[in-house]
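Structure first, commentary second.
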Amino acid sequence: MDIYIKPKQKVIIINKKAIFVKDVCDIFVSGGECQDAGNLPLLNIKSDKDTEIAVSVIDIVKALNQKYPNVTVSNLGETDTLIEYKSKEKKPIKFIEILKVVFICLILFAGSATTIMSFHADAEIPEIFGNIHYLAFGEYRENAPIITIPYTIGLGTGIIVFFNHFSKKYITKDPTPIEVQMTTYENETITSILASLDKKKDKGNQ
Numbered sequence: 001m002d003i004y005i006k007p008k009q010k011v012i013i014i015n016k017k018a019i020f021v022k023d024v025c026d027i028f029v030s031g032g033e034c035q036d037a038g039n040l041p042l043l044n045i046k047s048d049k050d051t052e053i054a055v056s057v058i059d060i061v062k063a064l065n066q067k068y069p070n071v072t073v074s075n076l077g078e079t080d081t082l083i084e085y086k087s088k089e090k091k092p093i094k095f096i097e098i099l100k101v102v103f104i105c106l107i108l109f110a111g112s113a114t115t116i117m118s119f120h121a122d123a124e125i126p127e128i129f130g131n132i133h134y135l136a137f138g139e140y141r142e143n144a145p146i147i148t149i150p151y152t153i154g155l156g157t158g159i160i161v162f163f164n165h166f167s168k169k170y171i172t173k174d175p176t177p178i179e180v181q182m183t184t185y186e187n188e189t190i191t192s193i194l195a196s197l198d199k200k201k202d203k204g205n206q
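Each residue of the sequence shown is one higher than the one before, counting from 1 in UniProt numbering.
As structure tokens, this is what we get:
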């Protein structure tokens with residue numbers, strides 16, 4: 001008989017001390033004798049404070065083999081799962097969330113404006129626009145509206161196309177560059193936390 005498990009990369013447990021196999025992985029049982037394998041106790045959280053716990057796939061396999069010694073357990077997912085335990089659910093305060101959004105928007109606006117102005121100064125964009133205006137109309141003007149206005153519209157349109165959405169409207173179904181970077185950041189953060197927990201566990205065993 002075979003049991004297939006797919007451990008998750010990260011799970012959030014709120015005010016629940018007893019952790020079962022089904023809490024940290026998806027499980028499929030090929031036979032009828034082990035249908036309750038997902039409800040097998042895996043560990044108990046002793047801390048009353050918010051904490052992080054690393055669970056290895058070996059821990060899951062051991063728990064299943066102790067209960068069902070004659071089954072074969074196949075892992076189809078992660079090798080380590082990060083359990084983020086929270087003693088209680090924290091509801092975000094809307095006023096503080098709004099302040100955070102406004103603060104981040106101001107920083108992004110100031111940073112973007114500084115970056116664009118610095119690029120224009122380094123690339124001597126006004127002089128380039130003046131030369132283009134001279135070639136097209138025979139008169140040298142650095143900030144001619146006939147060039148700067150389409151350029152400004154094109155710059156804004158290019159940013160929207162690059163980031164793949166405007167407000168809540170998506171241009172395509174592909175993830176935006178920010179979403180890709182956030183996913184990469186989250187994966188690297190989880191990997192770092194798991195590595196840190198493994199080091200602490202190894203030091204504790206020495």
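Note that beta-carbon positions come from the ideal geometry of N, C-alpha and C, so glycine has one too.
Q) With a CB to CB cut of under 6 Å and the five nearest residues on each side skipped, what residues in its chain are close to Ile-45? A) Lys-17, Tyr-85
Exercise. Helix, strand or coil: how does DSSP classify Asp-48 here?
Worked result: coil
* Taking Cβ to Cβ, would you say Ile-5 is nearer than 8 Å to Val-102? -> no
ask   = What are the partner residues of Asp-2, as DSSP defines its beta bridges?
value = Thr-72
Query - Glu-84 (DSSP reduced to helix, strand or coil) - result: strand
**Asked** Any idea what DSSP makes of Lys-169, helix, strand or coil?
**Response** strand
Review point. Where does Lys-62 fall in DSSP's three states?
Key: helix
Roughly how many angstroms separate the alpha carbons of Phe-119 and Tyr-151, rounded to a whole number? 14 Å
Rounded C-beta distance between Ile-3 and Cys-34? I'm assuming under 8 Å.
6 Å
Margin query: Mapping the DSSP letters down to three states, classify Lys-67 as helix, strand or coil.
Written below: helix
Margin query: Residues in the same chain with beta-carbon distance under 8 Å from Tyr-68, minus the five sequence neighbours each way, listed in chain order, please.
Written below: Met-1, Ile-3, Glu-33, Cys-34, Ala-37
Check your understanding: What is the DSSP secondary structure of Pro-150, counted as helix, strand or coil?
Key -> helix
Pro-41 (DSSP reduced to helix, strand or coil) | strand
According to DSSP, is Ile-190 part of a helix, a strand, or is it coil? helix
If you run the structure through DSSP and keep just helix, strand and coil, what is Lys-91?
-> coil
Going by DSSP in three states, Ala-136 sits in which element: helix, strand or coil?
helix
Endpoints, alpha helix (DSSP H) assigned at Asp-23
21 to 24
| request: Below 7 Å CB to CB, which residues in the same chain sit around Glu-142 once its five sequence neighbours on both sides are set aside? | output: Pro-126, Glu-127, Phe-129, Gly-130
Length of the line joining the Cα atoms of Lys-8 and Phe-28
14 Å
Exercise for the section: Within the same chain, show all residues whose beta-carbon is closer than 8 Å to that of Asp-59, passing over the 5 residues directly before and after it, in chain order. Expected result: Leu-42, Leu-43
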